[in-house]
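This report refers to the structure that appears directly beneath it.
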Amino acid sequence: MAAPMTWRRLVYSVYSPAITGVFTRISDRIFRARDRRGGSSVLLLAPLLAEADPVPRHVSRPAGSAGAQGTDGLCGHFQWMAEHVPAFRVPGTHIHILTSPDQFYQTMKARIRTAKRRVVMASLYLGTGQLEQELVRKVDCMEEALRRSQENSDGPDLKVSILLDYTRGSRGQTNSRTMLLPLLQRFVSQMRVSLYHTPDLRGLLRLLVPQRFNETIGVQHIKVYLFDDSLIISGANLSDSYFTNRQDRYVLLDNCSEVADFFSDLVEAVGDVSLQLQPDNSVTMLEGMVHPYNGNRQDFSAAARKRIMEVVNTAHVRQQLLNGSEDSEGEGEEDTWVFPLVQMKPLGIQVDEQVTQRLLTDAGPDSTVFLTSGYFNLTRAYMRLVLGAGASYRILTASPEVNGFFGAKGIAGAIPAAYTHIARQFYNQVRRLGQQERVHLHEYHRSQWTFHAKGLWYYLQGQDRPCLTLIGSPNFGYRSVHRDLEAQIAIVTENEELQSHLQEEQEILYERSSEVSGSTFERPDRHVRLWVKLVTPLIKNFF
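The opening position of the sequence shown corresponds to residue 1 in this note's numbering, with each subsequent residue numbered one higher.
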């Protein structure tokens, strides 16, 4: 055993995402044909999607779709989405914008405490700090809610389902799994913990790549927190910084049962194709399901895609029938539409990508789009649309000091500089094309905080408030489109109060920013070392 261990340590010592990028591209060409013939080789390495970023099949505009479902006005402008994804009609008064990490945390605790039937939580991981323990293992929260449910004379009613990423949730000796084991052991009939494992991490790649770096291949990145018929859609994880000083976005859909049912079914479907955590900390697959890294990759992806799209397609058909019925007409308070957008390219699902591209394509010359991402790394297709569209863009990203990797050890510490390099290249391209009056880049600043917000706000021509927002887990970057499992919602509303709340949310974030200019990148603290510039093109598809 000594020789293999020494060899593995040597590999770990020289590992970097750049090396993995080259390694996986070579291995993909060598083994791709073998996997097509069936039978997954133990030497099969995770396929790396080509760096080329072709535009996917465009979402077409159906004839007359602007007034689909009998909806006119602002909502009708975006009603083409209902032709492609489920469309849920809800009262705008049931949608609440949360603005701070503490409000997000306290809302979750309160909702878990009062949940009667179901708690469904999907996140990248669950942290291991004091605040996380209070969320799941302290009196008056999840453990107490489960205990009270057990005392029900008719049997326990409350079911808890948690979906996390396998690699991130297994990192270290104390991790998400060890945090949840006591609950799983005590409430085995009421708890389900699913750990999604990307099918792209397999063979030698899975053997060689160390913890933390293996998360660059692909993760479960959906952030949904659901309590009975209410839910929070966010980009925030279940970790102490996201509860204290890491700025994100969060929207509470209160008493929206159909939307809650959809996301509950979606998380259940992803959970069905994931590894199931057992009370002894082992993991198993559901009977009959293809294993994500031991089984054939194409078979796994096909089975997973079928299971997940069953949820999307069933909800789509049902909502089309409901929205087209006479009973749905004239419900004045239901002035808002919610469209769930799912992106899981490793499984062949790319709905969010197609809808986002259509939104960016349709943005007219007198429209304004405020777009934010904690990690500014637009795909080539999104960048082409932003630079070639007619709308005005105000893009908000993290300044280096509020980047989540700022001050990190090792190669991760260079990631903020890599983002600075990417932002400078984008800014220079804007200037070369003469687009600086239309496309503006902003950086978020806040002492002792980090920035993780993502999404967009869409202002139509002549409107002083946004009528559409995208909010959820995607970052508009390569990872979000090609590697990870993502979900967000498009909220389209004619409710003026909700529009005002969205405007306020957008303005609060941008008030803490400064606009980037040419002098920004000339400052000494923005100097990017040569090796970072050289490596960035190789690793930018991993973060």
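For glycine and all other residues, C-beta sits at the position ideal for the given N, C-alpha and C.
task: Decide if Ala50 is buried, meaning its Cβ has at least 16 other Cβ atoms within 10 Å, or exposed.
output: Position 50 of the sequence shown, counting from 1, holds the residue named residue 50. Here the model assigns Ala50 a pLDDT of 40, short of 50, so the residue's position is not dependable, and the following value carries that caveat. Label assigned to Ala50: exposed.
message: Per the DSSP calculation, Gly477 is bridged to which residue(s)?
response: In the sequence shown, counting from the first residue as 1, residue 477 sits at position 477. Paired residues: Leu378.
field: For Glu496, the first and last residue of its enclosing alpha helix (DSSP H)
entry: Within the sequence shown, the letter at position 496 stands for residue 496. That run of the alpha helix (DSSP H) goes 496 to 511.
query: Do Pro199 and Pro346 have their CB atoms nearer than 8 Å?
result: Working through the sequence shown from its first residue, we reach residue 199 at position 199. Working through the sequence shown from its first residue, we reach residue 346 at position 346. If you check the CB distance, Pro199 and Pro346 come in under 8 Å.
query: Leaving out the 5 sequence neighbours to the left and right, which residues in its chain are closer than 6 Å to Ile95 when beta-carbon positions are compared?
result: For the purposes of this step, residue 95 is taken as the residue at position 95 of the sequence shown. Correct list, in chain order: Leu253, Leu498.
- request: Under the assumption that Leu485 contacts Ile162 (Cβ atoms under 8 Å), give the Cβ distance between them as a whole number of angstroms.
  value: To locate residue 485, count along the sequence shown from 1; it is residue 485. To locate residue 162, count along the sequence shown from 1; it is residue 162. Rounded to whole angstroms, the Cβ separation of Leu485 and Ile162 is 15 Å, and the two are not in contact under 8 Å.
query: On the three-state DSSP scale, how would you describe Gly472?
result: Start at 1 with the first residue of the sequence shown, and residue 472 comes out as number 472. It is a strand residue.
query: Given that a residue counts as buried once 16 or more other Cβ atoms are within 10 Å of its Cβ, and exposed if not, what is Thr356?
result: Against the sequence shown, residue 356 aligns to sequence position 356. By the neighbour-count rule (16 or more Cβ atoms within 10 Å), Thr356 is buried.
message: Spatial neighbours of Asn541 within its chain, please: C-beta separation below 6 Å, excluding the five flanking residues on both sides.
response: Along the sequence shown, read from residue 1 onward, the residue named residue 541 stands at position 541. Excluding residues within five positions, the ones whose Cβ falls inside 6 Å are Tyr478.
message: Which residue marks the beginning of the alpha helix (DSSP H) containing Leu371, and which one marks its end?
response: Here residue 371 refers to the residue found at position 371 when the sequence shown is read from its first residue. Per DSSP, Leu371 belongs to no alpha helix (DSSP H); it is in the beta strand (DSSP E), 368 to 373.
- request: Spatial neighbours of Arg111 within its chain, please: CB distance less than 7 Å, with the 5 preceding and 5 following residues excluded, ordered by chain position.
  value: For the purposes of this step, residue 111 is taken as the residue at position 111 of the sequence shown. The residues are Phe227, Ser230.
field: Three CB pairs or more closer than 8 Å across the stretch 442 to 453 and the stretch 231 to 247
entry: yes
message: Report the start-end ranges of each beta strand (DSSP E) in the stretch 379 to 431 that is 3 residues or longer and not cut off at the edges.
response: 392 to 398
task: Taking 8 Å as the threshold, find out whether the stretch 454 to 470 comes into contact with the stretch 420 to 435 through three or more Cβ pairs.
output: Fewer than three Cβ pairs drawn from the stretch 454 to 470 and the stretch 420 to 435 lie within less than 8 Å of each other, which leaves the two stretches out of contact.
task: Can you check the stretch 314 to 365 for any beta strand (DSSP E) of at least 3 residues that lies completely inside it and give the ranges in chain order?
output: 336 to 344
field: Simplified DSSP assignment, three categories, for Arg526
entry: Within the sequence shown, numbered from 1, the residue matching residue 526 stands at position 526. The answer is helix: DSSP assigns Arg526 an H, G or I state.
- request: Measure the alpha-carbon distance for Leu387 versus Val224 and round it to whole angstroms.
  value: Position 387 of the sequence shown holds residue 387. Position 224 of the sequence shown holds residue 224. Each residue's Cα considered, the two are about 32 Å apart.
- prompt: Does the distance from the C-beta atom of Met179 to that of Val209 stay below 8 Å?
  reply: Here the question's residue 179 lines up with position 179 in the sequence shown. Here the question's residue 209 lines up with position 209 in the sequence shown. Contact: no.
- prompt: From this set, Asp352, Asp165, Ala389, Phe405, which residue's C-alpha is nearest Val85's C-alpha?
  reply: By one-based count along the sequence shown, residue 85 stands at place 85. If we check each option's Cα against that of Val85, Asp352 comes out closest.
message: Tell me the residue span of the beta strand (DSSP E) that contains Lys159.
response: What you label residue 159 is simply residue 159 of the sequence shown in a count that begins at 1. Here the beta strand (DSSP E) through Lys159 covers 159 to 165.
query: Do Arg171 and Arg212 come within 8 Å of each other at the CB atom, strictly closer than that value?
result: Mapped onto the sequence shown, residue 212 falls at position 212. Mapped onto the sequence shown, residue 171 falls at position 171. Yes. Within cutoff.
field: Element boundaries [beta strand (DSSP E), containing Phe227]
entry: Indexing the sequence shown from 1 puts residue 227 at position 227. 224 to 227 is the extent of the beta strand (DSSP E) around Phe227.
- prompt: So what does DSSP say about Ser274, is it helix, strand or coil?
  reply: What you label residue 274 is simply residue 274 of the sequence shown in a count that begins at 1. In the structure shown, Ser274 sits in coil (DSSP, three-state: anything other than H, G, I, E or B).
message: Just verifying my parser: in three-state terms, what is the DSSP assignment at Arg246?
response: Position 246 of the sequence shown holds residue 246. Arg246: strand per DSSP, three-state reduction.
query: Among all the DSSP beta bridges, which residues are the ones paired with His440?
result: Walking along the sequence shown from the start, residue 440 turns up at place 440. In the DSSP assignment, His440 is bridged to Arg394.
- prompt: So the alpha helix (DSSP H) Glu143 belongs to, where does it begin and stop?
  reply: Taking the sequence shown and counting its residues from 1, one reaches residue 143 at position 143. In the DSSP assignment, Glu143 falls within the alpha helix (DSSP H) that extends over 142 to 150.
query: When DSSP labels each residue in this structure, what does Phe263 get in the three-state scheme?
result: The residue you call residue 263 lines up with position 263 of the sequence shown. Here Phe263 sits in helix by DSSP.
task: Starting from Met285, trace the beta strand (DSSP E) both ways and give me its first and last residue.
output: The residue given as residue 285 occupies position 285 in the sequence shown. Looking at the DSSP string, Met285 is not in any beta strand (DSSP E), and its letter there is neither H nor E.
message: Do Phe104 and Val338 have their beta-carbon atoms positioned less than 8 Å apart in this structure?
response: What you label residue 338 is simply residue 338 of the sequence shown in a count that begins at 1. What you label residue 104 is simply residue 104 of the sequence shown in a count that begins at 1. No, the pair does not count as a contact, with Cβ atoms beyond the cut-off.
task: Please report how far the alpha carbon of Gln561 lies from the alpha carbon of Gly374, in whole angstroms.
output: Nothing can be reported for residue 561: it is not among the residues displayed for the chain, which extend from 1 to 543.
query: Of the choices Leu183, Phe521, Glu310, whose alpha-carbon is the least far from that of Tyr427?
result: Position 427 of the sequence shown, counted from the start, is the residue given in the question as residue 427. For the residues Leu183, Phe521, Glu310, the minimum Cα distance to Tyr427 belongs to Phe521.
query: Taking the continuous beta strand (DSSP E) assigned at Tyr459, which residues delimit it?
result: The residue given as residue 459 occupies position 459 in the sequence shown. Unbroken beta strand (DSSP E) run through Tyr459: 455 to 459.
field: Opening and closing residue of the beta strand (DSSP E) in which Glu486 lies
entry: By one-based count along the sequence shown, residue 486 stands at place 486. Element bounds for Glu486: 486 to 493.
query: With a CB to CB cut of under 8 Å and the five nearest residues on each side skipped, what residues in its chain are close to Arg318?
result: Here residue 318 corresponds to residue number 318 of the sequence shown, with the count starting at 1. Its chain contains Pro86 as the residues whose beta carbon lies nearer than 8 Å to that of Arg318, once the 5 sequence neighbours on both sides are disregarded; these appear in chain order.
- request: Give, in chain order, every unbroken run of the alpha helix (DSSP H) that is at least 4 residues long and sits entirely within the stretch 161 to 208.
  value: Runs found: 166 to 169, 176 to 186, 203 to 208.
query: Alpha carbon to alpha carbon, how far is Glu83 from Asn323?
result: Here residue 83 refers to the residue found at position 83 when the sequence shown is read from its first residue. Here residue 323 refers to the residue found at position 323 when the sequence shown is read from its first residue. A direct Cα-to-Cα measurement between Glu83 and Asn323 gives close to 12 Å.
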